[in-house]
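Visitor:
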């Protein structure tokens, strides 16, 4: 362990790294049920996506630890999974097989860009204000999905959206939200996971009492048909690569590329800074290798049957517990593996238990808004366009595209075109193509 991870050089021990790995796992274990819950809205089988999710979490986190010796865990990204399900499949009418093909293609592009170091150049070209705003927009998008999934927000022909009213589902959702928020505020380790379990149990109790007394016409949850089962390979290698290589898929692949890029780079910078794993220029150590693992994670995500994998900001929890090497990530990855055999039990988790998590993750993702200079309208206007369009168009693609284009046009009209990085002009060209090509 000492030779493999340079433990003493980084001032840590095996015990500290194991505890850090467990801590990171507890903070991100919610993805085991939340990701299949989101993607199953496309018609994908829950158990199949569950297995794919766990494999991506395990393989990618272990690879990150062994190849980069960094304490970064990897899993299917929140926000990207929402884009996959609600923008790409349900919004554009693309089959989930083609959407998986798009994930795979974007992963291959990630690998090429990472190897050639173009990916870092692209990220440096994107203004910080746009990176912050896209993250916040995705956070609000996730909250909207969570609120609508339990009927707290419903469609309304007069006002577009409206409050869904007080009923059993909305009340249970509020209970779950307040309970989980309390745990988060009190900094309870594994707060989101505990919230899911507690809300599921409360919902089960209410369902049993309600159906027994006749107060409920139908049960609120489907009772699990068992506890253990062999992993399901229903979505393994079911991707449609040919369908993804069409003009109409340029926009979605563009969005997958940039969303994953923002997530990973932001996480690398933030967590590495906390851990002190930065070089003399302030850049994360081994960032090139880390980007490559992140790109490979997206590629295998498309093959296994889930949305893009990305480095998780929850890795910071393990770092705060003293994690400084790849052993932390390896431990986190190993802890996911046993859950691949629990699909019957995990499929029981109701939407009222996962919806509060989507709202709270939305809260976490809007934090970058505090870093924006709202008095500088050159930055604030494009940022606001990106923030508001992602949830209102139900499309991360549209938010990114119009945010980028608005930023460039504002700068050009102000005679500040030279302040724009040359790579951003190329990105803008692809943004315009993604808007125009579907019309041809």
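Numbering (the numbering used here), first residue to last: 16 to 455.
Heads up, the beta-carbon is just placed ideally off N, CA and C, and yes, glycines get one too.
(1) Got a sec? Which residues, its chain only, sit under 6 Å from residue 246 by beta carbon, not counting five neighbours each side?
(2) Taking only the alpha-carbon atoms, compute the straight-line gap between residue 121 and residue 324 and give it to the nearest angstrom.
(3) If you compare alpha carbons, which of 397, 90, 363 is closest to residue 240?
(4) Along the chain, where does the alpha helix (DSSP H) containing residue 374 start, and where does it finish?
(5) Among residues of its own chain, excluding the 5 on either side of residue 116, which ones have a beta-carbon nearer than 6 Å to its beta-carbon?
(6) Report the option in 210, 189, 190 whose CA atom is closest to the CA atom of residue 199.
(7) Taking the CB atoms as reference points, tell me whether residue 317 and residue 98 lie closer together than 7 Å.
(8) According to DSSP, is residue 171 helix, strand or coil?
(9) Taking three-plus beta-carbon pairs below 8 Å as touching, is the region 360-378 in contact with the region 388-396?
(10) What are the boundary residues of the alpha helix (DSSP H) that includes residue 228?
(11) In terms of DSSP beta bridges, what is residue 178 paired with?
(12) Judging by CA-CA distance, which residue of 448, 104, 221 is the nearest neighbour of residue 53?
(13) Candidates 368, 46, 184, 397: which alpha carbon is nearest residue 214's?
(14) Between which residues of its own chain and residue 487 is the CB-CB distance below 8 Å, once the five residues before and five after are set aside?
(15) Buried or exposed: residue 147, going by 16 or more other Cβ atoms within 10 Å of its Cβ?
(16) Buried or exposed: where does residue 222 fall if 16 or more other Cβ atoms within 10 Å of its Cβ makes it buried?
(17) In the DSSP assignment, the alpha helix (DSSP H) including residue 337 goes from what residue to what residue?
(18) Does residue 51 come out as helix, strand or coil in the three-state DSSP assignment?
(19) From the DSSP output, in three-state form, read off residue 423 for me.
(20) Which residues bound the beta strand (DSSP E) around residue 234?
(21) Measure from the alpha carbon of residue 398 to the alpha carbon of each residue in 416, 408, 409, 360, then state which is nearest.
(22) Determine the closest residue to residue 19 out of 47, 81, 35, with distance taken between C-alpha atoms.
(23) Since residue 156 and residue 353 should fall inside the 8 Å C-beta cutoff, what is the C-beta to C-beta distance between them, to a whole number of angstroms?
(24) For a quick check, are the C-beta atoms of residue 58 and residue 249 less than 7 Å apart?
Guide: In this structure, then:
(1) Position 231 of the chain shown, counted from the first residue, corresponds to residue 246. Its chain contains 66, 355 as the residues whose beta carbon lies nearer than 6 Å to that of residue 246, once the 5 sequence neighbours on both sides are disregarded; these appear in chain order.
(2) The residue given as residue 121 occupies position 106 in the chain shown. The residue given as residue 324 occupies position 309 in the chain shown. Distance between the alpha carbons of residue 121 and residue 324 is about 11 Å.
(3) As a first step, residue 240 must be located in the chain shown, where it is residue number 225. Ranking the options by Cα distance to residue 240, first place goes to 363.
(4) Start at 1 with the first residue of the chain shown, and residue 374 comes out as number 359. Residue 374: member of the alpha helix (DSSP H) spanning 366-380, first to last residue.
(5) On the chain shown, residue 116 is found 101 positions in, with the first residue counted as 1. Around residue 116, the same chain offers 254, 255, 256, 258, 259 as residues with beta carbons nearer than 6 Å, after the five sequence neighbours per side are excluded.
(6) Here residue 199 corresponds to residue number 184 of the chain shown, with the count starting at 1. Here the closest residue by C-alpha is 210.
(7) Counting from 1 along the chain shown, the entry for residue 317 is found at position 302. Counting from 1 along the chain shown, the entry for residue 98 is found at position 83. In this structure, residue 317 lies away from residue 98, with their beta-carbon atoms at least 7 Å apart.
(8) Counting from one through the chain shown, the residue named residue 171 turns up at place 156. In the structure shown, the three-state DSSP call for residue 171 is strand.
(9) Taking 8 Å as the limit for Cβ pairs, the verdict is that the region 388-396 does not touch the region 360-378.
(10) By one-based count along the chain shown, residue 228 stands at place 213. 206-228 is the extent of the alpha helix (DSSP H) around residue 228.
(11) Position 163 of the chain shown, counting from 1, holds the residue named residue 178. Per the DSSP secondary-structure output, residue 178 pairs in a beta bridge with 168.
(12) For the purposes of this step, residue 53 is taken as residue 38 along the chain shown, with counting starting at 1. Of the candidates 448, 104, 221, 104 places its Cα closest to the Cα of residue 53.
(13) As a first step, residue 214 is located in the chain shown; it is residue number 199 there, counting from the start. When only C-alpha atoms are compared, the closest one is 368.
(14) There is simply no residue 487 to check, as the chain begins at 16 and stops at 455 in what is shown.
(15) The residue you call residue 147 lines up with position 132 of the chain shown. Label assigned to residue 147: buried.
(16) Along the chain shown, read from residue 1 onward, the residue named residue 222 stands at position 207. The residue is buried, with at least 16 neighbouring Cβ atoms inside 10 Å.
(17) As a first step, residue 337 is located in the chain shown; it is residue number 322 there, counting from the start. Judged by DSSP secondary structure, residue 337 falls outside any alpha helix (DSSP H); it is assigned neither H nor E.
(18) As a working note, residue 51 is residue 36 in the chain shown. If DSSP states are grouped into helix, strand and coil, residue 51 belongs with the helices.
(19) Locating residue 423 in the chain shown gives position 408, counting from the first residue. Looking at residue 423 - three-state DSSP - the assignment turns out to be helix.
(20) Start at 1 with the first residue of the chain shown, and residue 234 comes out as number 219. Per DSSP, residue 234 belongs to no beta strand (DSSP E) and is neither H nor E.
(21) Position 383 of the chain shown holds residue 398. Taking only the C-alpha atoms, the option nearest residue 398 is 416.
(22) Mapped onto the chain shown, residue 19 falls at position 4. That would be 81, whose Cα lies nearest to the Cα of residue 19.
(23) In the chain shown, the residue the question calls residue 156 occupies position 141. In the chain shown, the residue the question calls residue 353 occupies position 338. Taking C-beta atoms under 8 Å as the contact rule, residue 156 and residue 353 fail to qualify, at a distance of about 32 Å.
(24) Here residue 58 refers to the residue found at position 43 when the chain shown is read from its first residue. Here residue 249 refers to the residue found at position 234 when the chain shown is read from its first residue. Not a contact, by the Cβ cut-off of 7 Å.
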